[in-house]
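Q: This is the structure I have questions about; it appears just below.
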Amino acid sequence: MTKTDYRSPLLSRKGAFGALGPDAGVAAHYGDPNAEQRALARKVHLTLVDYSQLGVVTVEGPDRLSWLTTLSSQVLNNLDEGQSAELLLLSPQGRIDFWAAAVEKEGAVWLITERAAAAELTTYLERMKFMLRVEITNRTDTHAVLGSTLDPRTVESAPAALRGGIVWQDPWANGVAEGGYTYTQAGVEHPGSGYSWYLTVVPSHQLLDATEGAALAGSWAADALRIEAWRPRFGAEVDERTIPHELDLMRTAVHMNKGCYKGQETVARVHNLGHPPRRLTFLDLDGSEHTLPRVGSPVFAGEKKVGYISSVALHHEAGPIALALLKRSVDPAAELRAIDDGDFDGDGNPAPATHYACSQTVIVAPDAGQVAGRRTMGDFFRG
Numbered sequence: 212m213t214k215t216d217y218r219s220p221l222l223s224r225k226g227a228f229g230a231l232g233p234d235a236g237v238a239a240h241y242g243d244p245n246a247e248q249r250a251l252a253r254k255v256h257l258t259l260v261d262y263s264q265l266g267v268v269t270v271e272g273p274d275r276l277s278w279l280t281t282l283s284s285q286v287l288n289n290l291d292e293g294q295s296a297e298l299l300l301l302s303p304q305g306r307i308d309f310w311a312a313a314v315e316k317e318g319a320v321w322l323i324t325e326r327a328a329a330a331e332l333t334t335y336l337e338r339m340k341f342m343l344r345v346e347i348t349n350r351t352d353t354h355a356v357l358g359s360t361l362d363p364r365t366v367e368s369a370p371a372a373l374r375g376g377i378v379w380q381d382p383w384a385n386g387v388a389e390g391g392y393t394y395t396q397a398g399v400e401h402p403g404s405g406y407s408w409y410l411t412v413v414p415s416h417q418l419l420d421a422t423e424g425a426a427l428a429g430s431w432a433a434d435a436l437r438i439e440a441w442r443p444r445f446g447a448e449v450d451e452r453t454i455p456h457e458l459d460l461m462r463t464a465v466h467m468n469k470g471c472y473k474g475q476e477t478v479a480r481v482h483n484l485g486h487p488p489r490r491l492t493f494l495d496l497d498g499s500e501h502t503l504p505r506v507g508s509p510v511f512a513g514e515k516k517v518g519y520i521s522s523v524a525l526h527h528e529a530g531p532i533a534l535a536l537l538k539r540s541v542d543p544a545a546e547l548r549a550i551d552d553g554d555f556d557g558d559g560n561p562a563p564a565t566h567y568a569c570s571q572t573v574i575v576a577p578d579a580g581q582v583a584g585r586r587t588m589g590d591f592f593r594g
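Going by the numbering used here, the first residue of the sequence shown is number 212, and it counts up by one from there.
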């Protein structure tokens, strides 16, 4: 993904403090991140998160649904007007190249992805058109995204620009999607069942009108609720090696009963005969340091590096929490610690590293995969 220099007009709001990383260009908070988070979580009133740092790409044309089904990990053939889905575009080795929210609206599939990936996604889709009746448009500069925990279409007090917007509903709360499979341990109550998240696309020139008079929350608040729900994100949990199994994306973004697509052989092989090499894990962090480790901080079991923190937040009830990618072999009961090497002090000397004790909650089970036992791949593809 390429870097961007986007800056939201909502950063002019009083108290706005700019975010970093994949959310650069929008507000991390507007002066009271805990109160903003509580407002999002309680869902009493519509609270909006400026997600205009995201990218938007549309696919139009009569072949759009069947074409995207052929290319992606998802079945979109019967996607109805206003219906939402989630899809991946994989490399031949099954690694995640692109990840998008998808909603069918007004004769187009609207794809919402990271802004830094939108141009590359557009170029990739253009290359794959061949003779099919599809038209791809990068609308990142003309459309903006707002996040919320309430469906703005059902809120009478919501601005008209939101009620008439293009709304994607995150399928995470609905459990395992049709054709999907979960890698969480049997009998575990998934915190995603209580998670609600909507992305609304509006024309960029309506962004200020769509938020006029509305309560705003920053990206920190949204991230804390996402982490609590074990919800991975393209701009956070995906690196150059990530396969869907490692993030429990078989749950909502991969249809296991569809025809061939790029990367499917790896998806099938790992799911049926192997195990994902890494596993997404939820971490409760020791809060005694009164700080948070930075994203990318290594995680250790004893003296051995076993992974890294991919997302971190201060939850308004649970305190410091994180998502981490760990080696599959890490004992779920192992005592872990994240180490933030720190910056430099005022004299230019390296600051001392900060150690954070961590306790694990398993998301992707260490024994995930190998669903079909030790059948050969030939047997698998013959059914």
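Idealized CB from N, CA, C, for every residue including glycine.
1) Looking at C-alpha atoms only, which residue of Q380, E400 and A464 is the closest neighbour of L361?
2) At 4 residues or longer, and completely inside the stretch 396–450: list those alpha helix (DSSP H) runs for me, N to C.
3) Figure out for me which residue from A428, W441, V255 and L279 has the closest Cα to the Cα of Y394.
4) Rounded to a whole number of angstroms, what is the C-alpha to C-alpha distance between R326 and L222?
5) Can you look up E331 in the DSSP assignment and give me helix, strand or coil?
6) May I have the straight-line CA-CA distance separating T281 from G470, to the nearest angstrom?
7) Can you tell me whether V573 is buried or exposed, with buried defined as 16 or more other CB within 10 angstroms of its CB?
8) Report the three-state DSSP secondary structure of D551 (helix, strand or coil).
9) DSSP three-state label for S223, please.
10) Report all residues from its chain with a CB closer than 7 angstroms to the CB of L525; omit the five preceding and five following residues, and keep chain order.
11) According to the Cβ coordinates, are L301 and D308 closer than 8 angstroms?
12) How many angstroms separate the CA atom of T324 from the CA atom of K515?
13) Below 8 angstroms between beta carbons: does that hold for S359 and V506?
14) For D551, I'd like the list of residues in its chain whose CB is within less than 6 angstroms of its CB, leaving aside the five on either flank, ordered along the chain.
15) Could you give the uninterrupted runs of the beta strand (DSSP E) lying entirely in the stretch 291–375, keeping only those of 3 residues or more?
16) Among the residues of its own chain, which have a CB less than 8 angstroms from the CB of G589, if the five just before and after it don't count?
17) Report yes if the CB atom of V267 is closer than 8 angstroms to the CB atom of W321, and no otherwise.
A: Taking the geometry as given:
1) Residue mapping note: residue 361 aligns to position 150 of the sequence shown, counting from 1. Among Q380, E400 and A464, the Cα nearest to that of L361 is on Q380.
2) Complete alpha helix (DSSP H) runs here, min 4: 418–422, 430–439 and 445–448.
3) The count along the sequence shown starts at 1 and reaches residue 394 at position 183. Ranking the options by Cα distance to Y394, first place goes to W441.
4) The sequence position of residue 326 within the sequence shown is 115, counting from 1. The sequence position of residue 222 within the sequence shown is 11, counting from 1. Spanning the alpha carbons of R326 and L222 requires a straight line of approximately 17 angstroms.
5) For this step, residue 331 is matched to residue 120 along the sequence shown. Residue state, collapsed to three classes: helix.
6) Start at 1 with the first residue of the sequence shown, and residue 281 comes out as number 70. Start at 1 with the first residue of the sequence shown, and residue 470 comes out as number 259. Taking the straight line from one Cα to the other gives about 7 angstroms.
7) Residue numbering aside, residue 573 sits at position 362 when the sequence shown is read from its first letter. By the neighbour-count rule (16 or more Cβ atoms within 10 Å), V573 is buried.
8) Start at 1 with the first residue of the sequence shown, and residue 551 comes out as number 340. D551 carries a strand assignment under DSSP once its states are collapsed to helix, strand and coil.
9) Here the question's residue 223 lines up with position 12 in the sequence shown. S223 falls in the helix class under three-state DSSP.
10) For the purposes of this step, residue 525 is taken as residue 314 along the sequence shown, with counting starting at 1. Spatial neighbours of L525 in its own chain (CB-CB distance under 7 angstroms, excluding positions within 5 residues in sequence) are listed in chain order as A435, L503 and P531.
11) Position 90 of the sequence shown, counted from the start, is the residue given in the question as residue 301. Position 97 of the sequence shown, counted from the start, is the residue given in the question as residue 308. The Cβ-Cβ distance between L301 and D308 falls below 8 angstroms.
12) The residue given as residue 324 occupies position 113 in the sequence shown. The residue given as residue 515 occupies position 304 in the sequence shown. Cα to Cα, T324 sits roughly 35 angstroms from K515.
13) As a working note, residue 359 is residue 148 in the sequence shown. As a working note, residue 506 is residue 295 in the sequence shown. No; because the gap between Cβ atoms is not below 8 angstroms, this pair is not in contact.
14) On the sequence shown, position 340 is the one that residue 551 refers to. Taken in chain order, the residues that qualify are P504, R505, S508 and T565.
15) Positions of the beta strand (DSSP E) runs, each at least 3 residues long and wholly inside the stretch 291–375, are given as 295–301, 307–316, 319–325, 346–349 and 354–359 in order along the chain.
16) If you number the sequence shown from 1, residue 589 lands on position 378. For G589, the pLDDT reaches just 48, beneath the cut-off of 50, and the residue's location in the model is therefore unreliable, although a value from the coordinates is still provided. Result list for G589: empty, nothing under 8 angstroms.
17) Taking the first residue of the sequence shown as position 1, residue 267 is located at position 56. Taking the first residue of the sequence shown as position 1, residue 321 is located at position 110. Yes, the pair counts as a contact, with Cβ atoms nearer than the cut-off.
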